[in-house]
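Protein chains: 6
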Amino acid sequence: MSRPITLFTGQWADLPLEEVAKLASEWGYDGLELACWGDHLDPSRWDDDEYVQGRLDLLAKYNLKVWVISNHLKGQAVCDDPIDQRHKDILPPAIWGDGDPEGVRQRAAEEMKNTARIAAKLGVKTVVGFTGSSIWKYIAMFPPASQEMIDAGYQDFADRWNPILDVFDEVGVRFAHEVHPSEIAFDYWSTVRTLEAIGHREAFGLNWDPSHFVWQDLDPVGFLYEFKDRIYHVDCKDTKMRVGNGKNGRLGSLLQWADGRRGWDFISTGHGDVPWEDSFRMLNQIGYEGPISVEWEDAGMDRLIGAPEALEFVRRLAFDPPAAAFDAAFSTKTE
Amino acid sequence: MSRPITLFTGQWADLPLEEVAKLASEWGYDGLELACWGDHLDPSRWDDDEYVQGRLDLLAKYNLKVWVISNHLKGQAVCDDPIDQRHKDILPPAIWGDGDPEGVRQRAAEEMKNTARIAAKLGVKTVVGFTGSSIWKYIAMFPPASQEMIDAGYQDFADRWNPILDVFDEVGVRFAHEVHPSEIAFDYWSTVRTLEAIGHREAFGLNWDPSHFVWQDLDPVGFLYEFKDRIYHVDCKDTKMRVGNGKNGRLGSLLQWADGRRGWDFISTGHGDVPWEDSFRMLNQIGYEGPISVEWEDAGMDRLIGAPEALEFVRRLAFDPPAAAFDAAFSTKTE
Amino acid sequence: MSRPITLFTGQWADLPLEEVAKLASEWGYDGLELACWGDHLDPSRWDDDEYVQGRLDLLAKYNLKVWVISNHLKGQAVCDDPIDQRHKDILPPAIWGDGDPEGVRQRAAEEMKNTARIAAKLGVKTVVGFTGSSIWKYIAMFPPASQEMIDAGYQDFADRWNPILDVFDEVGVRFAHEVHPSEIAFDYWSTVRTLEAIGHREAFGLNWDPSHFVWQDLDPVGFLYEFKDRIYHVDCKDTKMRVGNGKNGRLGSLLQWADGRRGWDFISTGHGDVPWEDSFRMLNQIGYEGPISVEWEDAGMDRLIGAPEALEFVRRLAFDPPAAAFDAAFSTKTE
Amino acid sequence: MSRPITLFTGQWADLPLEEVAKLASEWGYDGLELACWGDHLDPSRWDDDEYVQGRLDLLAKYNLKVWVISNHLKGQAVCDDPIDQRHKDILPPAIWGDGDPEGVRQRAAEEMKNTARIAAKLGVKTVVGFTGSSIWKYIAMFPPASQEMIDAGYQDFADRWNPILDVFDEVGVRFAHEVHPSEIAFDYWSTVRTLEAIGHREAFGLNWDPSHFVWQDLDPVGFLYEFKDRIYHVDCKDTKMRVGNGKNGRLGSLLQWADGRRGWDFISTGHGDVPWEDSFRMLNQIGYEGPISVEWEDAGMDRLIGAPEALEFVRRLAFDPPAAAFDAAFSTKTE
Amino acid sequence: MSRPITLFTGQWADLPLEEVAKLASEWGYDGLELACWGDHLDPSRWDDDEYVQGRLDLLAKYNLKVWVISNHLKGQAVCDDPIDQRHKDILPPAIWGDGDPEGVRQRAAEEMKNTARIAAKLGVKTVVGFTGSSIWKYIAMFPPASQEMIDAGYQDFADRWNPILDVFDEVGVRFAHEVHPSEIAFDYWSTVRTLEAIGHREAFGLNWDPSHFVWQDLDPVGFLYEFKDRIYHVDCKDTKMRVGNGKNGRLGSLLQWADGRRGWDFISTGHGDVPWEDSFRMLNQIGYEGPISVEWEDAGMDRLIGAPEALEFVRRLAFDPPAAAFDAAFSTKTE
Amino acid sequence: MSRPITLFTGQWADLPLEEVAKLASEWGYDGLELACWGDHLDPSRWDDDEYVQGRLDLLAKYNLKVWVISNHLKGQAVCDDPIDQRHKDILPPAIWGDGDPEGVRQRAAEEMKNTARIAAKLGVKTVVGFTGSSIWKYIAMFPPASQEMIDAGYQDFADRWNPILDVFDEVGVRFAHEVHPSEIAFDYWSTVRTLEAIGHREAFGLNWDPSHFVWQDLDPVGFLYEFKDRIYHVDCKDTKMRVGNGKNGRLGSLLQWADGRRGWDFISTGHGDVPWEDSFRMLNQIGYEGPISVEWEDAGMDRLIGAPEALEFVRRLAFDPPAAAFDAAFSTKTE
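What follows is the structure in structure tokens.
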């Protein structure tokens, strides 16, 4: 099985990176998708060569590689409106600053440029993250959100991200946006519109995380085929639907994770409704060559049980395609 | 068929009330659910007896009655956060004022008190409307919205609406909140929580509009049974699901109404997926005694075709229950 | 449209037959399926020629015909065990007698023989009814019901019905058992077994009433094809499923008819889940030549509204097959 | 209702055109989609001006128009392999000739050129038809059909149809291929491939007939959006699925039409499983401006009942979109 | 994994308890749910301290615990009507006696009191069992079962069980009724009604066995939440649905277990349609603290293969909830 | 586990039989279903005793048995029309000869007779294979395929296979036709018709391979019961459905195997949608006594991984039925 499987460290950032590396290595992961928070990776130190080398050395010590780094939390703040307590809770003080929304957005944008730079220093070709969105809050379409307001939101995204992507181009790194509710691209048609907004520039692609597709009734496998030239990374997170009793709503009822009354919930990879095997086979078909990264989120399960189990699950199904077609066996040429 | 059927005038407020009344009367509606916008009804004139009588006279002229009035647009502003352009577009200048959010909210709250007062003057027992919500924007739960933030949102709702409901109690009118995305109660579990937040006070009940239940996978019929003592009004709006091709998302993709790529859309009553007959039968079972009101919304159809067709549809299915059980015919007593 | 449509009078037996005939005639029914209870038809008077002619005259007065008569209530008592208050409520005193179960069963069996005899006198070829069952009560299979007990139930049925069917054969009339829960044949496999028990004798066939198939997940159309030589009559009764909210159970919860919490309920023909058009087309295919009879049962609707509406519904869909195949139009022979 | 509704005469070609025109006119159709068989229209007489004018006069006499003509039967023979008895049965002797397959194909191709020419003469911009296919017979993929064989089939199609389409271009008419099993394009992906094979030349578009999509599990509404610039015509034919009992197979079991054991069957428009209303709304959205044509096929129903009923059905649902959005009614601008 | 998993011995009562204990211990079960039949436990010996201690010693010898005992077979006879051969087959001679129904019922009731007493002596807090029902036989609602008859059945249950529950209260033990067809509470609404009938007294709770929910279309997970304060025990039995071919009926056709024509069948835990993982997670959420007991029933599989496999299945999914939420990892507090 | 599990060698015929035998033996298979192509088995050498014994010795060397042999490729050519390149690719030169279709058919028929003869020599009672079909190409029913043409196809089959089956009868071997698209019997109703065509002669039975049932919406378990006396062999091949996104068609779009856009695809046993466990249980019920053979086909997976995995999957679920019913444990007889 040649495709590498990595662990995304975002949900482990309360632990020191070394501890996470040790665990992942013991479980058999091939590498880490480093999160740019906790003590895992600090993009602002991108020109500190010693720091960068130190990170690589730490990974090497545990026989791990890094193909991708992630900075969801800062990307989120680039376009978001409103900027509120939720952002303060997940941003470092240097970016939150005085909390003035526009200032937060601009500092977050700078951080994303630095994330490209540190990626390049690490030899990493892909940065995964969120874009934020000034129009997500209009999702219910009431009070009425006009076409003009929606258009303005996509334009705001383009205006804020094009300068960031210029830096990505400069340093030869690509950004992989995670299609996700609360972001500028959160489903199929909004992804079409987002790519148009940014002129389909190559610096901007997609992180395919199917967990968000399931509860929106989207086909994650067809999505891979349709956007096959923009699949820059793959995150494995699973979702379990729990609608069907007439009470549990598709929107989750603002209930916390792991509450069984939510209409859907994140769940350990392989325990949910994502068609994993079909997805991995389609990744083979479209020629995706990167790693598969386990983004482990399940508020009802202990992560120390779940993370190694997820690795085993993915290894079993993410097999390589065969070299020859089976019809060959019928051929008279073999006689 | 004894249950009255009314037309909600909210989607007709670009026309003078008299024109709407004339149309509704010709089509055969029994009354109007008056919207408190356009020139239909102005709550701020609640103590102008002549104005109030004039409204009643106008309805009488067309042989129409009024059992319920509605003020969704102002109710929406009571709790909303952010307050933005969308609100400016739907609020009268006197309530928008300088647009300072907290001022808008307070002026909207005063308007809702006046709505109770004018209802009492009109002899109307029920006001339908929205509550707004300061936490709707957290629906995607990312960035993480803590239990504390959610709790604060329900508390904010209670703090803002209790004084309004006090006025409702004073004048003997009840508020019927329309369970609807972007409001404090938008599905089953959020309705449970909302009623708890307000101490289950009788002044606060529900406007059952099943269109919002369909795309959230909620059971509108079971909802009637569960909240049978809080069903204060019934609005007929229908929803057509258009998911199932893997591309049209359950959230609507921020596409405008009538775009066939939306995963769901409002549609003329009887053209969609609401189980109307079962619903009307359950209304009979729980003893709901009010009118059924057609809230006509369908961006792909002409309302002049749709409104009379919807009336005919509802009349055919909203029949009264029979007097006796059919098993009586098997009884030997009849021999 | 040549196939006659009749009204089954069983659910109208609280009214005098003349009143029912008058209503049915006004609505446009072609005939009546006479129930052998109320004052509609009394099998014990089978050899009273004046009585029999009087019934025919009454129908003729309203331009109605009779192709089939029904005696569900007495047939039910032939095999049932226990015999209890429910039977007392639906049986005439002469059959109930002292209520001793075996006596009731035997008097009911005699009544069924008389029903065949009066059918012959009326010129009617088919008697519809129930068989009762001594093993229906074992349906949950707990406490364990052994194969021997089940076998004994089918044998009891054969032992009790063969002598009755001998009379049917004598007078040239056929019995059409309504496949129905609480009877010896209530679904597909129990019908197979029942026909075996009775040696597939021609006197015993089936009354196809699809309402009971719907909630058991049976295919009513396929049933017609499989038992095409045993379809002796067709009753139109409809069923609406109301499961799907996790609470309403498939068994009905012992709730009364028209309670919206039942997982299924009888409903006016055309308002439920029976695939009527496919069924009528299959009746054409298998060459069924008898009438279609509306057995109107809907505890949530007024029968005076429902019965004419059901007639209109059936007339529209129970059309004759065409004379020629449409492919003929492609043929070069026509050039 | 401004969109014209026409009747396709292909299934009526056993009748003289005048008789069909008379019927269609009485029923209220706006025009006819003329079939090029029976006596309806003979493409070989394209340069006989008197003949052409005679056809137009006949239509005018019954107040009917013609926007589209059809030649499925001859188009079928252009690519088919094998050419057999089935073709002989539907081809005129002049085209069948000695039945040598290649000769048949070439004469059929000439006929299609003439069909373009007569369309031009009639002032018609669109010819509907089939292409035939040399690779349809490989549909089960056993014995193995290699990629090379499949590729050759698409190439054969392009080689045979490009010269025909050249004539279409010359005379300013477009060909609308009906996506249909047994043709070169029979589903979504084969349509993609077919359009590629022909270089997306504008002369070649699609006749959208959703009946063939239903039993292949294709989304007919999404198809309209995806190929919105290639929808040249619309035929209304409906399909009823009858799988679900484990016996009726999706492929139809080689049973004749109207046999209820087929897993699917053609059925009168509105009696089947096509989402007609959503489809008509999508036609509004994509700006389709042509007629909607009823292609009536239902082997279980009399066409004299079905054809007027289908017209009424389509008229009721194929309504025009409204002029303004309903949200306008919420605007404060109206106050 | 801290939650204990036990084996219910009811389906093993043909073996001596010691043999069952030996097997269960070898397989790794934590304890036994002792059945009060076979030689496993004899409630009539509740005041024989030596006997009671002997049972505990036997379990201790195999390192097994007992948290719950079960007496389904005797509980069944408390309310059942009719009492027949099926009961004779499963009751000990001392309770069957002369078979007079009322005598059987009363002796069964005494046995249930003794079961509470022996539970107390064993240090066991919960007795699992059936109630029987005098109205189950009315499930098909024909002949008509009036509301009065149904009411009388619930009253009969209360009258017979309240004295039994008084003894439970005396000795500090609770009764957990298994919601099951043929019992007084067999689905959601009948459970609501049953709890009302008994005044919601705390001595009467529920044994959640989801196998009976599956074929009735009930939501077993929602049931746990709704009755969260009455879930006194959990039995794992699974059900496989086999409807869907139009022939296999939802009621099972009175066919024996393991006949593949039944519409549903009991099956080894994990082989059926129960949503086990969601259920176990909900048990965590509602704070259920008792054991999970495997009630192994599968007439198509060898129990010596099935019982250890079921244990492994349950162990893998019935994991403990985590200590902290994963969102903690996003917090800036960790930096 | 007593039922033997074999590997069908058809998809391994590019390897020498000895290599396949070695692999299968190492993986734990009990035997081989020998394919009559590659070097695996040559029916033309049926009277070469040394050759036959050599084959048996080779199997014995690897501790493998043979219960069944297969000759799909030659059987295919017996009835097929057209005979084309696809056949040339899979037939040996001796049978293809000059490629004249009728000659190919007759030589293929001779080969099938020899296959029966070599089976008898090997001590094998069953030959599995295809029949071919002259009417499969009419599956789309356009151009119209008349009932006469279909009838002729079944007659052609009978005419060609009866002489072959005569040889089967002579040597005491049975033919098991694999119900499969492109064959004379490809679904339920065509199997009914095929058995009629051949007079239900015992020499002709069925090879149950459920992979072809899945995408045709057939019930593979019910099929076993219905044709229980004609199930002569069982092949395990699985199918994964990939419709549901509105684009992937049920017919496969003439795309090659392993293309994720196909609406269905063959997949390694246990990875698809076949209800394996229910099927194996039904095989127990109907008394099928032969081997279960893994026919491994999955163009997206390496067969060296898939074949042993499939064996493990089948072993786990194809268990024997138990000796006694579990209800026995409730019996008072054990006390």
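Chains as they are written, first to last, in the numbering used here: chain A, 5 to 339; chain B, 5 to 339; chain C, 5 to 339; chain D, 5 to 339; chain E, 5 to 339; chain F, 5 to 339.
Virtual Cβ for every residue (Gly too), placed ideally from N, Cα, C.
Would you say residue i faces chain F, with C-beta separation under 7 Å as the test?
i, result
"A:T338", "Only weak support exists for where A:T338 lies, its pLDDT of 42 falling under 50; the value from the coordinates is given anyway. Yes, A:T338 lies at the interface with chain F (some Cβ there is under 7 Å from its Cβ)."
"D:A311", "no"
For residue i, would you say it is in contact with chain A, using Cβ-to-Cβ distances shorter than 7 Å as the test?
i, result
"F:G304", "yes"
"B:Q260", "yes"
"F:G58", "no"
"E:G276", "no"
"F:M5", "Residue placement at F:M5 cannot be trusted, given a pLDDT of 47 that sits under 50; the coordinates are not used to answer."
Tell me which residues share the same chain as residue i and place their Cβ nearer than 7 Å to its Cβ, disregarding the 5 neighbours each side in the sequence.
i, result
"E:K407", "Lying before the first or after the last residue shown, residue 407 of chain E is absent from chain E, which here runs from 5 to 339."
"F:K117", "I168 and V171"
"C:H44", "T13, A17, L21 and L38"
Any C-beta of chain D sitting closer than 7 Å to the C-beta of residue i?
i, result
"C:R285", "yes"
Could you tell me how far apart the beta carbons of residue i and residue j are, in whole angstroms, since I believe they sit closer than 8 Å?
i, j, result
"F:A81", "F:L95", "6 Å"
"B:S283", "B:A314", "Not really, about 14 Å apart at Cβ, beyond 8 Å."
"D:G310", "E:G250", "Between E:G250 and D:G310 the Cβ distance is about 28 Å, and since that is not below 8 Å, they are no contact."
Have a look at residue i and residue j and give me their C-alpha separation to the nearest angstrom.
i, j, result
"C:P224", "F:Y292", "31 Å"
"A:A139", "D:S335", "The residue asked about is misnamed: residue 139 of chain A is Ile in this sequence, not Ala. Straight-line Cα distance between these residues: approximately 20 Å."
"C:R319", "D:G264", "20 Å"
"B:K125", "B:D46", "12 Å"
"F:D173", "F:I154", "28 Å"
Near residue i, what residues of its chain come up, given a Cβ to Cβ distance below 6 Å and the 5 sequence neighbours on each side ignored?
i, result
"E:A123", "I73, V131 and V177"
"E:Q260", "none"
"C:L321", "W280, E281 and F284"
Return the chain-ordered list of same chain residues with a C-beta closer than 8 Å to the C-beta of residue i, the five sequence neighbours on each side being excluded.
i, result
"B:H184", "F134, F190, D213 and H216"
"C:I99", "K78, A81, V108, R111, A112 and E115"
Give a yes or no on whether 7 Å exceeds the smallest Cβ distance from residue i to chain B.
i, result
"F:G362", "Given that chain F is displayed from residue 5 to residue 339, the structure contains no residue 362 of chain F and the question cannot be resolved."
"C:A17", "yes"
### Query
Any contact of the segment 218-236 of chain F with the segment 194-202 of chain D, i.e. 3+ C-beta pairs under 8 Å?
The segment 218-236 of chain F, when compared against the segment 194-202 of chain D, does not touch it at the 8 Å Cβ threshold.
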